[in-house]
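Peer 1: Residue numbers (our numbering), protein chains in the order written: chain A, 1315 to 1429; chain B, 47 to 175; chain C, 172 to 418.
Mind having a look at this structure? Questions to follow.
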Amino acid sequence: MARSNKPIVWSLFAAGGTFAAFVTPAMIVVTGLALSFGLLPPEALSYERLSGLIENPIAKGIVFLTVFLPAWHAAHRLRITAHDFGIREDGLVMMVCYGLASVATVMAVYALLSL
Amino acid sequence: MSRKPYIRTLSSTSWWLAQPRYIRYMAREVSCVLIGAYTGVIVVGLLRLSEGANAWAGFVAAMQTPASVVFHLLALAFALYHTTTWFNVTPKAMPLQFGDTQVPGSIIIGAHYAGWIVISAALLLLAGV
Amino acid sequence: MSLRTFELEIMRYDPDKDSEPRFETFSVPCEEDWVVLDAVNYVKDNLDRTLSYRWSCHMAVCGSCGMMINGEPSLSCKTFMRHMPDKIRIEPLANFPIERDLVVVMDDFMDKLASVKPYLVAKEKKAVEDGSYLQSPAQLKKFKQYTLCINCTLCYSACPQYALGEGFVGPAALALAHRYNLDSRDVGRSARADVVASNEGIWECSFVGACSEVCPEHVDPAGAIQQTKIASTLDYFKDLITPGRDK
Chain A
1315 MARSNKPIVW
1325 SLFAAGGTFA
1335 AFVTPAMIVV
1345 TGLALSFGLL
1355 PPEALSYERL
1365 SGLIENPIAK
1375 GIVFLTVFLP
1385 AWHAAHRLRI
1395 TAHDFGIRED
1405 GLVMMVCYGL
1415 ASVATVMAVY
1425 ALLSL
Chain B
47 MSRKPYIRTL
57 SSTSWWLAQP
67 RYIRYMAREV
77 SCVLIGAYTG
87 VIVVGLLRLS
97 EGANAWAGFV
107 AAMQTPASVV
117 FHLLALAFAL
127 YHTTTWFNVT
137 PKAMPLQFGD
147 TQVPGSIIIG
157 AHYAGWIVIS
167 AALLLLAGV
Chain C
172 MSLRTFELEI
182 MRYDPDKDSE
192 PRFETFSVPC
202 EEDWVVLDAV
212 NYVKDNLDRT
222 LSYRWSCHMA
232 VCGSCGMMIN
242 GEPSLSCKTF
252 MRHMPDKIRI
262 EPLANFPIER
272 DLVVVMDDFM
282 DKLASVKPYL
292 VAKEKKAVED
302 GSYLQSPAQL
312 KKFKQYTLCI
322 NCTLCYSACP
332 QYALGEGFVG
342 PAALALAHRY
352 NLDSRDVGRS
362 ARADVVASNE
372 GIWECSFVGA
382 CSEVCPEHVD
392 PAGAIQQTKI
402 ASTLDYFKDL
412 ITPGRDK
């Protein structure tokens, strides 16, 4: 039997899973719920404040990770989950899952570079 | 006497309904759909931010519609489930041993939760909550 | 000792007569301190001498009396009747072909176990008179837990990826591979990796964790497999950077 190439995607899955475990719940609260529930004043997410914050290259790097790592974590887990739900076309599933993660990664880089 | 082993079949689509532990496993796995979709929302937000103040204002308004709030509550529930299921197995994947003393699993798990609280609090403070 | 009567629904399969398994119900008066294996033995001794099943030690050491008890892979010698409801369903271990009644075909597991070289691969062979390979208590502690496996295959019965997958090596064999990989006296890790780090090895595992939950000896195969995934991933990238480093 040949040694597998899975370590490439699995290392992204594991790093992304760890990152998402630590960061994603608080991020969901900030970007998706805080304004609606009055936890944040509207100025907190104003264009001026955020576009100012994101000019910092370190901030850009961190924001890139918040897309890149969870996207590849989710993509790899979704591939396995499709198999668990009985979908056996692994080649197609792989292309869709990793394709979506690639698109998310490229678009995030594009947006961050034009900011 | 002849041999005629009988092979039981398992449904490849509904096997996980057989035991509660399989249902919990599938709930953990399905968390990736919500985390993936939320990551997509972040990408859209970044694109809107890069398009200027008006586009960003539209995104912020969209984040406050009822459908968006329901989606984010659901995503938060699954993200928290991901966090607990991820942290709770860390001693299995990364056991620690110093000399001949094994670090108890509860300490490894506890350290992850402590780090999580610090990171979450820092993020919320940075945002201005 | 108080007697309580249980209904045992036992799966029967006679390859000479049956086209598929069927259930047969037996009423068994049980003593307070009986385990399920005692009740099954009662059926064999008093009610139906044709009932086939495996058992030997009656004390959770030999690993041969595994059965599905109310849907849970269990050692029948370790499952007490007093914790059971009045009606008990007993089936052969899931995910294995049924040879007869509660006896399953274990050939697939045996082949996979052998494929991971679950024995000490020493750097140089020592003659008996040269003494044993030395090891410190701290070195032993790193893998001792994984030596407790009794090859009962309850973990294979609990594992959906073994049931659904195409050729998954499975929990017990991978845990035993990990046991020898962690052994300070062993140098067989690279040789084992051809099976362990293949698609059919650790990478078929999705960490359901059921194997560790049903393990009667608390071996934790799920943990062993995740540790092997981390180690194999590091190996993979080290091999990319320095090809042929372990040759």
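Glycine included, each C-beta is placed from N, C-alpha and C at the ideal position.
Give every residue of the same chain whose Cβ lies closer than 7 angstroms to the Cβ of C/F339, excluding the five residues on either side of it in the sequence, and list them in chain order.
Peer 2: Translated into positions along the third sequence, residue 339 of chain C becomes position 168. Once the five neighbours on either side are set aside, the close Cβ partners of C/F339 are Q332, Y333, E371, E375.
Peer 1: Looking at chain C, which residues of the stretch 119-139 of chain B have a Cβ within less than 9 angstroms of any of its Cβ atoms?
Peer 2: Listed in sequence order: V135, P137, K138, A139.
Peer 1: Is the beta carbon of A/A1385 closer than 8 angstroms to that of A/T1419?
Peer 2: Start at 1 with the first residue of the first sequence, and residue 1419 of chain A comes out as number 105. Start at 1 with the first residue of the first sequence, and residue 1385 of chain A comes out as number 71. Yes, Cβ-Cβ distance for A/T1419 and A/A1385 is below 8 angstroms.
Peer 1: By a C-beta neighbour count over all protein chains shown, 10 Å radius and 16 as the cutoff for buried, is C/P200 buried or exposed?
Peer 2: Within the third sequence, the letter at position 29 stands for residue 200 of chain C. It is exposed - the Cβ of C/P200 has fewer than 16 other Cβ atoms within 10 Å.
Peer 1: Using DSSP with H/G/I as helix, E/B as strand and the rest coil, what is C/M182?
Peer 2: Locating residue 182 of chain C in the third sequence gives position 11, where the first residue counts as 1. Three-state result, C/M182: strand.
Peer 1: Alpha carbon to alpha carbon, how far is A/R1391 from B/C78? Give it in angstroms, no decimals.
Peer 2: Your numbering for residue 78 of chain B matches position 32 in the second sequence. Your numbering for residue 1391 of chain A matches position 77 in the first sequence. So the alpha carbons of these two residues sit roughly 6 angstroms apart.
Peer 1: With DSSP run on the structure shown, which of helix, strand or coil describes B/A81?
Peer 2: By 1-based counting over the second sequence, the position of residue 81 of chain B is 35. Per the sequence shown, residue 81 of chain B should be read as Ile rather than Ala. If DSSP states are grouped into helix, strand and coil, B/I81 belongs with the helices.
Peer 1: Since C/V358 contacts C/V292 with CB under 8 angstroms, what's their CB separation in whole angstroms?
Peer 2: Here residue 358 of chain C refers to the residue found at position 187 of the third sequence. Here residue 292 of chain C refers to the residue found at position 121 of the third sequence. About 6 angstroms; that satisfies the 8 angstroms criterion.
Peer 1: C/S369 bridges to which residues according to DSSP?
Peer 2: To locate residue 369 of chain C, count along the third sequence from 1; it is residue 198. Bridge partners of C/S369: A/R1317.
Peer 1: Under 8 angstroms, CB to CB, which of the residues in the stretch 312-332 of chain C have a partner in chain B?
Peer 2: Result list: K312, K313, P331.
Peer 1: Measure the alpha-carbon distance for A/I1401 versus A/F1327 and round it to whole angstroms.
Peer 2: Residue mapping note: residue 1401 of chain A aligns to position 87 of the first sequence, counting from 1. Residue mapping note: residue 1327 of chain A aligns to position 13 of the first sequence, counting from 1. If you take the alpha carbons of A/I1401 and A/F1327, they lie about 20 angstroms apart.
Peer 1: Whole angstroms are fine: how far does the CA of C/R183 sit from the CA of C/S146?
Peer 2: Here chain C covers residues 172 to 418 and nothing more, so residue 146 of chain C does not appear.
Peer 1: Taking C-alpha atoms, which residue in C/Y327, C/L353, C/L345 lies nearest to C/C386?
Peer 2: The residue given as residue 386 of chain C occupies position 215 in the third sequence. Minimum Cα distance to C/C386 is reached at C/Y327.
Peer 1: Under 8 angstroms, with one C-beta from each stretch per pair, do the stretch 116-129 of chain B and the stretch 1330-1345 of chain A reach the 3-pair mark?
Peer 2: yes
Peer 1: If we count the other Cβ atoms within 10 Å of its Cβ and call it buried at 16 or more, is A/V1417 buried or exposed?
Peer 2: In the first sequence, the residue the question calls residue 1417 of chain A occupies position 103. Label assigned to A/V1417: exposed.
Peer 1: From C/N322, C/F314, C/I240, C/R416, pick the residue whose C-alpha is nearest to that of C/N352; which is it?
Peer 2: Counting from one through the third sequence, the residue named residue 352 of chain C turns up at place 181. Here the closest residue by C-alpha is C/F314.
Peer 1: Going by Cα to Cα distance, which pick from B/Q148, B/W132, B/R74, B/L119 is closest to C/Q310?
Peer 2: Position 139 of the third sequence holds residue 310 of chain C. C/Q310 has its Cα closest to that of B/Q148, out of B/Q148, B/W132, B/R74, B/L119.
Peer 1: Classify C/G341 as helix, strand or coil using the three-state DSSP reduction.
Peer 2: Looking up residue 341 of chain C in the third sequence gives position 170. Three-state result, C/G341: coil.
Peer 1: For a quick check, are the C-beta atoms of C/R429 and C/S227 less than 8 angstroms apart?
Peer 2: No answer is possible for residue 429 of chain C: it lies beyond the span of chain C, which begins at 172 and ends at 418.
Peer 1: Take every Cβ of the stretch 1349-1360 of chain A, pair it with every Cβ of the stretch 97-115 of chain B, and state whether three or more of those distances are shorter than 8 angstroms.
Peer 2: yes
Peer 1: For A/I1394, return the contacting residues in chain C, with the cut-off set at a CB-CB distance below 8 angstroms.
Peer 2: To locate residue 1394 of chain A, count along the first sequence from 1; it is residue 80. Counting only Cβ-Cβ distances below 8 angstroms, A/I1394 has contacts in chain C at S377, in chain order.
Peer 1: Helix, strand or coil for C/Q306, going by three-state DSSP, please let me know.
Peer 2: On the third sequence, position 135 is the one that residue 306 of chain C refers to. Looking at C/Q306 - three-state DSSP - the assignment turns out to be coil, as it is neither helix nor strand.
Peer 1: Please check the pair C/V390 and C/A346, which I expect to be a contact at CB under 8 angstroms, by giving their CB distance rounded to whole angstroms.
Peer 2: Start at 1 with the first residue of the third sequence, and residue 390 of chain C comes out as number 219. Start at 1 with the first residue of the third sequence, and residue 346 of chain C comes out as number 175. Their Cβ separation, rounded to whole angstroms, is 6 angstroms, which keeps C/V390 and C/A346 in contact under 8 angstroms.
Peer 1: Since B/V90 and A/V1381 should fall inside the 8 angstroms C-beta cutoff, what is the C-beta to C-beta distance between them, to a whole number of angstroms?
Peer 2: Numbered from its first residue, the second sequence carries residue 90 of chain B at position 44. Numbered from its first residue, the first sequence carries residue 1381 of chain A at position 67. Between B/V90 and A/V1381 the beta-carbon gap is near 11 angstroms, outside 8 angstroms, which marks them as no contact.
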